[in-house]
Structure formats: C-alpha cells, structure tokens
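Undergrad: Dropping the structure in here first, questions after.
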Ligand code: 13P
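Residue numbers (the numbering used here): -5 to 246.
Okay, here's the thing in structure tokens:
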C-alpha cells in the first residue's frame, strides 16, 4: 500500500530559534495525534541536524531541500549526498520549480542529483509541474512527461521504488490559487499511468504522488480525497505548526 505523506518545505524561512520552536511544536503535536500519514519537514540545511535529533525520538521524518549533483570536492557552498547521509537524512527535495527557475537546474542535472541521493539511500521527493503559460497552451502533460522521462526514467524499477513524486503546478505555488481537485487528480492519474507504462502497474500503484501549491487546512481534505493524490508538499502553511498539523489530519 502506498504511503500518505504530508511534507513541509520551509524554503528559506526561520532563524535557528524559530526553527527549533516550530520543530518542537510539531514534535509535541505528533506525540498527541494518531495520523493517517507520514509527516516530513524539510528545513534549511543549517537546521537539518537539529531537526534530525528530534526525529530520532519521534515519528517525525526529515528531508533536505537540495543536494549537489557532484560527489565531493571544490564546489563552494554545496552540500553532498554523503554529507546528508552522514546525519541520517531520509528524504531530499529535488527539482523544485524555484531551483529550476532561479538556479537554472536542468532535467539532466536533476537526474544526477537523484542518482547521488539513491547512491546514499536517501529518498528523493521529486517535483514536477508546469508554468501558467504551459497550461494555457495545453502542453502541461507534455511538460510533466518530459520532466519524468529526462530526470527519473533512467532508473530501474528497484531504484524508482524509492522516489516520492510531487506535482506542483508553478502557477499555484505561493499564489493562493490552488489547482482544483479535478486538475490535481487528472495530472496525478496521468503521472501514475506514465509510470505504469514505463515500469509496471504495481510500481505505479505503490508510488506516493503529493500535490503542492497553496495547499492549506481549508482545501487539503478535498485534494487528498482524490484517488491519486497521496498527500501534499506544503510551503507557506508548513511554517505554522497548527496549520501544518491540521493539513496532516486531513486524510479520511
Ligand atoms: P505554497 O504551499 O506556499 O504554495 O508552496 C508550495 C511549495 O512550493 C512546496 O514545495
């Protein structure tokens, strides 16, 4: 059975003490609640070790927001998969649209990042999604197909079984404009169909596909009730423990 997951992408937010406070609130809330999903937080790299310490004592899981495509060496400012593995990182976001846009990450480079993570037993949370113009031109399926083919479909079935996917329509990120449940379901079903064609029905059935883009406590339930939506990758609403945990409680 595939997993329901709610993951918080904190992006470049929070000072150390604020990050500690938020982690503590999520940790305490997880102690009290019985949830129908895994909860992952993805803080800035500087706070990964602190949050990992919390995770050791809890059901909370932690992911990084980025990794270098290089193994090691003279890449000032970068963090390698080996470094993440050395602090027991379980997940890492790859291919977020902000990294594609502002840091010009290409599908090919993202494939290398996925390889590095899998080499070290870290599960990629791989993001795909179209910009508004692409949806308006009705080429959103082609865009997502290309992202999957060029960054993930070199993996064999066993390797692929470690990947979590996130469909994040770029026009819905941080805009308050959520994709409708029907739009999310349509794309998630398409992604699952592509995976079934590339690998097999079982692999497609097992992969968790999260929705991301202005997901909040008010819309999470309807989104997560769609057949092929297995949870969310949450930005803004993951910065407040109450909102984030309310989203995690949205599974029927
Ligand atoms: P928002 O939830 O703020 O729209 O961000 C979504 C996102 O980019 C998560 O990775």
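Idealized CB from N, CA, C, for every residue including glycine.
Taking C-alpha atoms, which residue in 218, 153 and 160 lies nearest to residue 123?
TA: Nearest of 218, 153 and 160 to residue 123, Cα basis: 160.
Undergrad: Flag residue 208 as yes when its Cβ comes closer than 7 Å to any non-hydrogen atom of the ligand 13P, and as no otherwise.
TA: Yes, the Cβ of residue 208 comes within 7 Å of a heavy atom of the ligand 13P.
Undergrad: Could you pull out every residue in the same chain whose Cβ sits closer than 7 Å to the Cβ of residue 246, ignoring the five residues on either side in sequence?
TA: Counting only Cβ-Cβ distances below 7 Å, and skipping sequence neighbours, we find 219.
Undergrad: Here's the rule: buried if 16 or more other CB atoms are within 10 angstroms of the residue's CB, otherwise exposed. What is residue 221?
TA: By the 10 Å Cβ count, residue 221 comes out exposed.
Undergrad: Classify residue 107 as buried or exposed, calling it buried when 16 or more other Cβ atoms lie within 10 Å of its own Cβ.
TA: It is buried - the Cβ of residue 107 has at least 16 other Cβ atoms within 10 Å.
Undergrad: Any heavy atom of the ligand 13P within a distance shorter than 7 Å of the CB on residue 35?
TA: No, the Cβ of residue 35 stays beyond 7 Å of every heavy atom of the ligand 13P.
Undergrad: Nearest-angstrom Cα distance between residue 138 and residue 44?
TA: Cα-Cα distance, rounded: 35 Å.
Undergrad: Assign residue 96 to one of three DSSP states: helix, strand, or coil.
TA: Correct three-state label for residue 96: helix.
Undergrad: Between which two residues does the beta strand (DSSP E) containing residue 160 stretch?
TA: Run containing residue 160: 158 to 161, per the beta strand (DSSP E) assignment.
Undergrad: Helix, strand or coil: which one does DSSP assign to residue 27?
TA: Three-state result, residue 27: coil.
Undergrad: Please give the ranges of any beta strand (DSSP E) in the segment 98 to 137, keeping only runs that are unbroken, at least 3 residues long and fully inside the region.
TA: Segments of the beta strand (DSSP E) lying fully in the segment 98 to 137: 117 to 122.
Undergrad: First and last residue of the beta strand (DSSP E) that includes residue 32?
TA: First-last of the beta strand (DSSP E) with residue 32: 32 to 36.
Undergrad: Residue 115: buried (16+ other C-beta within 10 angstroms of its C-beta) or exposed?
TA: The residue is exposed, with fewer than 16 neighbouring Cβ atoms inside 10 Å.
Undergrad: Would you say the beta carbon of residue 137 is closer than 7 Å to some non-hydrogen atom of the ligand 13P?
TA: Checking every heavy atom of the ligand 13P against the Cβ of residue 137, none is found closer than 7 Å.
Undergrad: Looking only at C-alpha atoms, which of 202, 165, 236 and 110 sits nearest to residue 65?
TA: With distances taken between Cα atoms, residue 65 lies closest to 110.
Undergrad: Looking at residue 225: is its Cβ nearer than 8 Å to the Cβ of residue 88?
TA: No; because the gap between Cβ atoms is not below 8 Å, this pair is not in contact.
Undergrad: Excluding the 5 residues flanking residue 179 on each side, which residues of the same chain have their C-beta closer than 8 Å to its C-beta?
TA: Here the set comprises 220, 221, 222 and 223.
Undergrad: Taking 7 Å as the cut-off, is the beta-carbon of residue 212 closer than that to any non-hydrogen atom of the ligand 13P?
TA: Checking every heavy atom of the ligand 13P against the Cβ of residue 212, none is found closer than 7 Å.
Undergrad: Which residues bound the beta strand (DSSP E) around residue -1?
TA: Residue -1 -> beta strand (DSSP E) spans -1 to 3.
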